[in-house]
Amino acid sequence: MGATLTLDRTYGNLLIAFTATFVGIVATASWRIACLIFHRTYSTSDARDALHHQRQAILRNSSSAAAGFWTVYQLAWTWRRDAKDVLARTLPALIFSAVSFCAFTVAGGFSSSISSGVGNEVLLDGRHCGYVYARGTPIDDAATTKSYEAKTIINVANHAQQCYSGNAPGVFDCTNFVRDHIGGTIDNQAACPFHDGICRSNDSNIRLDSGYIDSREDFGLNMPDDQRIFFRQVLHCAPLNTQGSARNSSTSSDNYTQYCSMPAITANGTTWAEYSSFTPNENIYRPDADIYLIFLSGNGVKFRKPNEDPWYRGFVPDGIRYLGNDPQRHAVVYRPDEAASPMGCIQQYQYCNADRQCGELASFTDSIAKSAPLFNFTLEAVWGNANYSGPVASHFSWFQDIIYTAYGLGTLLDTLGILSLMSRQSLVQGGWEHLPNNQWQIDITHWWATLLASSQAAFVNVAHGPTEPSVLAYTKYPQNSYMKEMCDNQKIRSTDYTSFSVFGLYFTFITGAIIILISYSMETLLYWLHQHRRYKSHAYMEWSADGTLQLQRLAFQGLGTEIWSGYTDAIPKTQHGCLLIDLAMAYPADKSGEATPENPPAVPAETGFVSPASGASISGSDPMRRSMDIGPGQSSLSTSLAPAPSPRTSNAADRSKSPPSSGSEPAGQLQSGDVAFQQTSSISATIAPAQVDVNSQQQPGFHPR
């Protein structure tokens with residue numbers, strides 16, 4: 001998973017929202033870069049039709065991929081019958097804008113994956129890391145440690161019943177551990193785990209195998225790949241025959257069944273008395289496993305129907321039970337065949353290092369001893385007679401200590417007793433109405449789930465440390481920094497906090513910042529290439545001219561305003577104090593959308609311009625003499641400007657009645673087919689049907705129309 005940043009839920013949600021917004025900004029910047037590439041690709045100095053230039057304007061000015069897609073679609077639809085190759089010329093932009101929009105929409109939605117990729121996983125505070133080590137506890141204090149142990153076991157049993165069962169009622173929370181449950185395999189047709197003949201069946205037993213449990217993915221230790229540890233455990237059980245191992249013993253009032261004691265077996269000349277509560281005989285002895293004998297006693301519980309379960313064995317008639325006071329209502333009940341039906345189980349463990357090199361599958365102690373060399377660990381260190389150092393050995397030592405705190409089958413059954421049996425849920429008024437014939441396998445499956453849940457809980461409990469003051473005196477703490485490192489890297493899942501992948505955050509924001517920087521610096525780079533290298537100058541000039549405000553400037557210049565500066569800037573500007581005519585009124589349209597030269601708008605005298613419908617362009621400030629081409633069959637207007645004694649403006653109503661005339665008019669007055677006015681200049685106009693060349697010297701920034 002790498003490094004993570006953990007925040008509380010409020011700040012985590014803010015970071016997710018900000019990340020999604022940032023992705024949207026990056027999407028806009030990416031679209032801007034793509035539009036520049038498309039625009040420069042299509043740029044040409046040759047004459048092109050309106051569709052080409054409109055497409056260029058769209059690429060230059062669309063603010064987002066969605067806006068670009070819609071406008072290009074409208075462009076294609078409008079020109080579908082009036083331009084050549086409309087689809088071929090618009091499809092690339094349509095496809096790219098659609099793909100870009102979809103891609104960044106998905107990216108925005110999945111931007112939360114920098115959190116959800118980690119899920120609700122957070123790291124525990126490992127400052128109080130440790131576990132209760134009760135061995136050797138004085139008898140007076142044993143009640144304290146046993147009480148703590150019982151609470152822990154009951155909690156993991158509840159978790160197992162809730163989270164390892166497909167039909168659990170859903171009362172408990174299964175989202176604390178990094179895995180809801182640990183999987184594995186269950187073989188309900190397994191062989192007998194002991195010598196032939198001791199099991200009631202040689203092929204209907206149960207074997208449960210966890211497989212190789214990953215210390216990081218399953219237990220939540222957030223360690224690098226080369227420091228992972230794989231752990232495996234196996235539980236193999238079978239109901240046992242008692243023939244030859246039991247005898248009846250009677251007193252004056254009660255009958256008893258005594259199960260024969262079994263001789264001690266020594267391994268390598270040593271019997272570990274402190275690890276053994278009984279000594280198995282040769283029929284059930286396994287040198288490669290921990291062995292458990294579990295006895296099921298009926299204690300007066302009756303079966304209302306015969307049960308052939310090989311462990312419960314409730315098929316012996318035990319008289320008649322009457323229902324109420326009605327002698328006609330009665331039923332036969334049954335009792336177990338065995339006073340204490342035995343079951344034998346073996347439990348095995350195995351450790352593997354990060355390279356998947358494994359020790360032997362063996363008993364708890366032997367599995368550690370057989371795996372020690374794989375972790376630079378010595379047998380002396382296993383028995384506590386030697387020191388060790390280094391991350392690998394320290395991690396393994398602390399790992400197997402944690403597994404030790406995950407209680408074995410014997411401790412679980414001693415603590416839970418009858419609560420460990422799933423059949424107890426069907427017990428009504430001291431009897432069972434019906435139990436399946438494989439109830440014993442259902443019980444063992446629950447034990448197995450409790451063992452796995454105990455392993456999960458052990459890593460979290462050790463990293464968190466004991467919280468009850470009464471057991472702090474019996475707490476064992478990490479012995480070096482490597483062990484403490486494991487405590488500080490224990491993951492859990494919590495809805496109170498949100499963890500983010502630091503790599504994901506870096507990748508998102510650094511990559512996005514680079515894209516944004518490119519989008520805002522590319523025009524400066526292209527300007528420099530244009531100025532100093534003349535690199536694709538026309539493409540740069542067209543990009544500049546197609547900007548929204550530059551297109552607006554060109555529209556105003558179409559009305560005759562030649563007082564602009566900043567032709568390649570983002571923001572062109574006029575001379576100080578210059579007022580411009582309303583473009584919407586300067587280019588009126590009829591209901592069909594076509595421009596009409598009739599009824600042009602009135603123009604305020606102080607603007608210094610006339611409507612283009614008159615065919616005249618007048619400037620009241622520049623000392624220039626201009627002659628403009630109005631168009632075929634129209635008038636040509638020549639103006640000369642000189643100081644006038646007083647301003648004079650023709651009346652629109654009078655003008656509409658006056659026919660155009662040729663020749664010079666008195667200073668300060670202009671007559672044509674449209675409005676004319678002046679501010680401080682004397683104007684003379686000559687109307688003629690032919691073109692007239694430009695007579696004045698062109699000034700910088702002046703483009704004749």
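The sequence shown begins at 1 in UniProt numbering and counts up one residue at a time. A virtual CB, placed ideally from N, CA and C, is assigned to each residue, including glycine. Small disclaimer: the values here were computed from a predicted structure and weren't measured.
Check: Taking buried to mean at least 16 other C-beta atoms within 10 Å of its own C-beta, is A463 buried or exposed?; Outcome: buried
Check: What beta strand (DSSP E) runs, 3 residues minimum, are completely inside the region 279-320?; Outcome: 290-296
Check: For R553, which residues of its own chain have a beta-carbon under 8 Å away from its beta-carbon, when the five flanking residues on both sides are left out?; Outcome: W564, Y567, P572
Check: Would you list the one or two residues that DSSP bridges to F69?; Outcome: None, per the DSSP bridge assignment.
Check: Hey, is the region 449-462 in contact with the region 125-132, meaning 3+ C-beta pairs nearer than 8 Å?; Outcome: yes
Check: Take the Cβ of T467 as the centre, count every other Cβ of all protein chains shown within 10 Å, and call the residue buried at 16 or more, exposed below.; Outcome: exposed
Check: What is the DSSP secondary structure of N188, counted as helix, strand or coil?; Outcome: strand
Check: Are S201 and P239 touching if we call contact CB-CB under 9 Å?; Outcome: yes
Check: When you compare each of Y587, T242, A539 to L36 by their alpha carbons, which one comes out closest?; Outcome: A539
Check: DSSP state of Y497, grouped into three classes?; Outcome: strand
Check: Kindly indicate which residue of H52, A143, V122, V156 has the alpha-carbon position closest to the one of A457.; Outcome: V156
Check: My understanding is that F377 touches N353, with C-beta atoms under 8 Å, so please give their C-beta distance in whole angstroms.; Outcome: Contact flag wrong, Cβ pair sits at about 10 Å.
Check: Got a sec? Which residues, its chain only, sit under 6 Å from L7 by beta carbon, not counting five neighbours each side?; Outcome: T498
Check: CA-CA distance, T105 and Q56?; Outcome: 25 Å
Check: CA-CA distance, W543 and I515?; Outcome: 20 Å
Check: Grab me the residues of L526's own chain with a C-beta within less than 6 Å of its C-beta, minus the 5 sequence neighbours each way, in chain order.; Outcome: Y540
Check: Buried or exposed: Y506, going by 16 or more other Cβ atoms within 10 Å of its Cβ?; Outcome: exposed
Check: Take A381 and list the residues in its own chain whose beta-carbon comes closer than 8 Å to its own, dropping the five residues that flank it on each side.; Outcome: A372, N387, Y388, A393, S397
Check: In three-state DSSP terms, what is P239?; Outcome: strand
Check: Within 10 angstroms of the Cβ of S423, are there 16 or more other Cβ atoms? Answer buried if so, exposed if not.; Outcome: buried
Check: Under a three-way DSSP split, which group does W432 fall into?; Outcome: strand
Check: Enumerated in chain order, which unbroken segments of the alpha helix (DSSP H) with a length of 4 residues or greater are wholly contained in the region 537-599?; Outcome: 537-545, 548-557, 583-586
Check: One question on the structure: do L409 and L221 come within less than 9 Å of each other, judged by their Cβ atoms?; Outcome: no
Check: Can you give the beta carbon distance from G24 to G109, rounded, assuming they're within the 8 Å contact cut?; Outcome: Contact flag wrong, Cβ pair sits at about 11 Å.
Check: If distances are taken between C-alpha atoms only, which option among P317, Y312, L451, L59 comes closest to P436?; Outcome: Y312
Check: With three or more C-beta pairs closer than 8 Å as the rule, is the region 418-434 touching the region 183-196?; Outcome: no
Check: Is the distance from the Cβ of F96 to the Cβ of A20 below 9 Å?; Outcome: no
Check: Using DSSP with H/G/I as helix, E/B as strand and the rest coil, what is G465?; Outcome: coil
Check: Rounded to whole angstroms, what's the CA-CA distance from T4 to S215? Just pull it up for me.; Outcome: 18 Å
Check: With a threshold of 16 other CB atoms inside 10 Å of the CB of R127, please say whether the residue is buried or exposed.; Outcome: exposed
Check: Just confirm the distance between the C-beta atoms of P310 and W440, as a whole number of angstroms; I'd bet it's less than 8 Å.; Outcome: 6 Å
Check: Among residues of its own chain, excluding the 5 on either side of T450, which ones have a beta-carbon nearer than 7 Å to its beta-carbon?; Outcome: V156, A157, A160, L412
Check: Measuring straight from C-alpha to C-alpha, what distance separates D622 and A555?; Outcome: Here the model assigns D622 a pLDDT of 37, short of 50, so the residue's position is not dependable, and the following value carries that caveat. Taking the straight line joining both Cα atoms gives about 20 Å.
Check: Return the bridge partner residues of E121 from the DSSP annotation.; Outcome: R493
Check: Kindly give me the distance between the Cβ atoms of I182 and S210, rounded to whole angstroms, as I take these residues to be in contact under 8 Å.; Outcome: 6 Å
Check: Assign V99 to one of two classes, buried (16 or more other C-beta atoms within 10 Å of its C-beta) or exposed (fewer than that).; Outcome: exposed
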